[in-house]
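Q: Can you read through this structure? Questions will come right after.
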Amino acid sequence: MLAFALSRLARAAITILFVVTFAFIVLRLSGDPALLIMSVDAPPEAIEAFRKAWGLDRPIWEQYLAYAWHALTGDFGKSMRDGRPAIDLVLERLPATLAITLPALALKLGIGIPAGIYAALHRNSLADRLTMMVSVAGFTMPSFVLALVLVLIFGVTLGWLPASGADSVWHAVLPIVTLGTAGAAIMARFTRSAMLEVLGQPYIRAASAKGLAWWLVVAKHALPNAAIPTVTIIGFMVGSLVAGAVIVESVFAWPGIGRLLVSAVANRDLAVVQALLMVIAAWMVLANLCVDLAYGWLDPRVRSGAR
Amino acid sequence: MGFHRRSFLAGSTAAAGALILPRFAIGQADNRPSITIAVQQIANSASLEILRERSNVGARTFSFIYESLITQNLLGKLESVPGLAESWRRIDDKTVEVTLRKGVKFHNGDEMTADDVAFTFSRERMFGPDYDIASNKTLFTNVLIRDNVQGMTLPPEVPAVAKRLWPALEKVEPVDKYTVRFVNRRPDPTMEGRMVSGSSIISRRAFTEAKNWLDWARVPISTGPYKVREFKPDQSLTLDAHDEYWGGRPPLKSVRLLVVPEVATRINGLFAGQFDFICDMPPDQIPGIEKNAKFEVLGSTISNHRLTVFDKNHPQLIDPRVRQAFTHAIDRKAIVDSLWSGRTAVPAGLQWEFYGPMFIKDWAVPEYNPAKAKELLKAAGYKGDPIPYRLLNNYYTNQTATAQVLVEMWRQVGLNVPIEMKENWQQIFDKNSPRAVRDWSNSAQYDDPISSIVNQHGPQGQQQQVGEWTNEEMNKLSVSLETEGDITKRRAMFRRMLEICEREDPAYTVLHQNATFTAKRKDIRWKASPAFAMEFRANNFAMS
């Protein structure tokens, strides 16, 4: 298990390095932050002074080496717009994002998994068809459309909930529901198909034939075996906790990581974009690592490399 | 006299009451409303330092906080009116003496004096320590911005902007507590005009006591009707009434500017009662908002014109007749009527009425005359070769739709103008492939053509700096206009500049005046300014 964990850790480190390097090069080739931050009407000398002050006039490889060296010592640079450490800006926004993505994840799992199990156990029934119909509608509707529909109903027409902002707990309700709906729909479909796959296996029939109560067959034999594909999806959802709310944050004017990413990219605030991508990549890689380790724990064949 | 627990409690309660009650009473008496304004952005540079943030959104934000010596009448036609200056007079062609308004208080309670005014224009705050008045070259502090966090070193863009606002300012010296003299190195008839856009006065004590430049730029101390309580870049700005404001107690207890990037979200927030005002409304959203009887959209033209700009080095544009054909092929009124619902105007070229005596009344943009455009193209021998149009996706309101209309109008006279979508300004200015046509907008910061045609198209203007266009006569006139004091001669020079830049050797052509639209609750009585600035002083806010 240790060798398995170490190999996954090494892979994770390489992935983060790749993401950071790729972002570094692409950002510098795709637009001049001096023009974006200082506006097109700024005097040319001021733009040159800005480039010099931030080292943008140096060769890209030299900039990369300097960045990598500082990053190794924990210095991820400072925001060109804000002047503060980029990593501080990112960590400052993280709680706001988690405040909507964590409850949304709970909603996805709390509704999606039971709905999927129920639909699978009642295959081809009216309840199954209704569940799947709702779930298809849920994950095919773009989040910005759902967000605006929810705002129109609950914010504008009924006046029950705030339409945007982040001033109170009530402001979080609509973003959470928007994020949770699509995820719950996806979760329900995956859980249903995983359960159906397992319920058709010979060992389920054998367990039933032994006279075991059906709920015990489901709980002890079907659910653990259906968990592996479900864990994969949960891994993706956990991975998107940090950066999975870009659109929803913009629509609801929620001051989280997503909005910081949009404004930092739009302004080519290089250090902030890099810090964001590093945090997002690290989180995603960590989530995948946990999934890999969970596979190993759930299925001994994975950790031993057996087929 | 004995001291018992009961008497102690009674005494304590009385003392606490004495302390609390007056404050409570004040709180009760202050029944002024607080409002929330949803905006697209508060400040692009994430700071509230007026010398760093030179954007349209910044102009709106700063109208709450800062004040200039001479200001614009925001409820009139933007004509110059006394601000923090009570009066001013010319000593000679290089010197202006300003008498300050007495009893003006900064947000920190200090009285504004000549010392604060002089400090506002100092090297420490404005020009940087390396400023050399004898040199025409702009000098910059050569310290990395990252070091600014530890000290008051100015970011390099601050001295650059300062130098642009005041290219030849030698000194600002206090004469007495309420009088200062602005001394220029060379004759400059626009010194009073420069005071409109470049003389927002700050508190010397507040600046020097700030821990670092960034802290200062987050909570600047000036004299405006509202003071900064809290600024969260890209999120919100909360302002409190500056109750010692010289112009009367502000009508609002507090104002909250909230960044709501999505237009639909701003509109929904207005309808839901979360916002009292929403700014930056695209014209196509106005009918939808006004269908609701509780809300209305105010707006007006602002001192900013949209232009089409030419690069005369492009092989097809070297002949001025081809550029002239571009200008005659545009039906500007059709653009205003269709894309702006008639809510803006076609101006008289690159000038504004608030120029006063410098406004050339009988000037106009080139007439819409497709037949003339065709003749010009024929005479120039244009064979239909492509003339690329580099375009950003709606950097300006209606930009893409306007471009599509323009391309069709040009096609009708025989011009082949393919659109090339670009992602940013660097790609627009890229010299590695032939440049020809692009979009731009020009503003006038004060009531003189130097603030527009000279600053944007003269020898130091962007168009010449990026190498798109130049004209020897225009350059000579630009230099002369900056120093000439005689109004008749100045008018003649400006007219000639318009002839060169808009007719003979077109550098640009004006499309229409820009406009900004603000939606609000109808039960609030408030008038919009013909500018990005929002006026919330005592004379411009009341509840029905």
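Chains R and V supply the protein sequences, listed in that same order. For what it's worth, our numbering labels the leading residue of the first sequence as 898, then goes sequentially. For what it's worth, our numbering labels the leading residue of the second sequence as -9, then goes sequentially. Built from N, CA and C at the ideal position, the CB exists for glycine as well.
#1: Out of R/GLY1097, R/GLY1013, R/TYR961 and R/PHE1133, state which residue places its alpha-carbon closest to the alpha-carbon of R/ARG1086.
#2: Counting only Cβ pairs nearer than 7 Å, list the residues of chain V close to R/ASP979.
#3: Exposed or buried, V/PHE111, counting other C-beta atoms within 10 Å across all chains shown (16 or more means buried)?
#4: Going along the chain, which residues of its own chain have a beta-carbon closer than 8 Å to the beta-carbon of R/ASP1196, five neighbours each way excluded?
#5: Cβ of R/VAL1066 less than 8 Å from any chain V Cβ?
#6: Against chain R, which members of the stretch 383 to 416 of chain V pass a CB distance test of less than 7 Å?
#7: Using alpha carbons as the reference points, say which of V/ASN383, V/LEU340, V/ARG511 and V/GLU365 lies closest to V/PRO439.
#8: Measure the C-alpha to C-alpha separation of V/ASN126 and V/SER431 and round it to an integer number of angstroms.
#9: Classify R/ALA1003: buried if its beta carbon has 16 or more other beta carbons within 10 angstroms, exposed otherwise.
#10: For R/LEU895, which residues in the same chain have their Cβ closer than 6 Å to its Cβ, ignoring the five residues on either side in sequence?
#11: So, is R/LYS975 buried or exposed, given that buried needs 16 or more other C-beta atoms within 10 angstroms?
#12: Inspect the CB distances between the stretch 409 to 425 of chain V and the stretch 440 to 451 of chain V and report whether three or more fall short of 8 Å.
#13: How about V/ARG296 and V/LEU501: do their beta carbons lie closer than 8 Å?
#14: Using CA atoms only, rank isn't needed, just tell me which of V/GLN417, V/ASP100, V/PRO72 and V/ILE320 is closest to V/VAL88.
#15: Starting from V/ARG428 and walking both ways along the beta strand (DSSP E), at which residues does that stretch end?
#16: In three-state terms, what does DSSP make of R/ASP1189?
#17: When you compare the CB positions of V/GLY99 and V/GLU234, do they come within less than 8 Å of one another, or not?
#18: If you count every other CB in all the chains shown that lies within 10 Å of the CB of V/ILE477, and 16 or more means buried, which is it?
#19: Assuming V/ILE211 contacts V/PHE522 under a Cβ cut-off of 8 Å, what Cβ separation, rounded to an integer in Å, is found between them?
#20: At a cut of 8 Å, does the stretch 284 to 291 of chain V reach the stretch 501 to 518 of chain V through at least three beta carbon pairs?
#21: When you compare only the Cα positions, how much space is there between V/ASP274 and V/ASN282?
#22: When the Cα atoms are used, what is the spatial distance from V/PRO496 to V/THR390?
#23: Let me confirm a value: R/SER927 is counted as buried when at least 16 other C-beta atoms fall within 10 Å, else exposed. Which label applies?
#24: So is R/VAL1046 in contact with chain V if we call contact Cβ pairs under 8 Å?
#25: Taking C-beta pairs closer than 9 Å, name the residues in chain V that R/ARG1156 reaches, listed in chain order.
#26: Along chain R, in chain order, which residues have C-beta atoms closer than 9 Å to that of V/THR255?
#27: Under 8 Å between the Cβ atoms of R/SER904 and V/GLN264?
#28: Does the stretch 208 to 223 of chain V touch the stretch 51 to 60 of chain V, meaning 3 or more C-beta pairs lie closer than 8 Å?
#29: Excluding sequence positions up to five away, which residues of its chain have a Cβ less than 6 Å from the Cβ of V/ARG313?
#30: On the criterion of 16 or more Cβ atoms from any shown chain inside 10 Å, does V/ASP178 qualify as buried, or is it exposed?
#31: Have a look at the DSSP bridge pairing and note the partners of V/LEU247.
#32: Would you report the Cα separation of V/GLU43 and V/LEU227, rounded to the nearest angstrom?
#33: Shorter than 8 Å from the beta carbon of R/SER904 to some beta carbon of chain V?
#34: Under 8 Å, Cβ to Cβ, is there at least one residue of chain R near V/LEU204?
#35: Quick one: is V/ASN138 near chain R, going by C-beta distance under 8 Å?
#36: Could you check the C-alpha separation between R/VAL1159 and R/ILE1144 for me, to the nearest Å?
A: To lay it out plainly:
#1: R/GLY1013
#2: ALA36 and PRO223
#3: buried
#4: ILE1125
#5: no
#6: GLU413, ASN414, TRP415 and GLN416
#7: V/LEU340
#8: Here V/ASN126 scores only 49 on pLDDT, less than 50, and its place in the model should not be relied on; the value that follows carries that caveat. Taking the straight line joining both Cα atoms gives about 27 Å.
#9: exposed
#10: Chain R is shown only over 898 to 1204; residue 895 of chain R falls outside these bounds and no answer can be derived.
#11: buried
#12: no
#13: yes
#14: V/PRO72
#15: 427 to 433
#16: helix
#17: yes
#18: exposed
#19: Not confirmed; about 23 Å, so no contact.
#20: yes
#21: 15 Å
#22: 23 Å
#23: exposed
#24: no
#25: ASP224, GLN225, VAL249 and PRO251
#26: ALA1044, LEU1045, VAL1048, ALA1060, SER1061, SER1147, VAL1148, PHE1149 and ALA1150
#27: no
#28: yes
#29: PHE300, LEU307 and PRO496
#30: buried
#31: V/ILE27 and V/LEU227
#32: 15 Å
#33: no
#34: yes
#35: Only weak support exists for where V/ASN138 lies, its pLDDT of 41 falling under 50; the value from the coordinates is given anyway. Closer than 8 Å: yes.
#36: 9 Å
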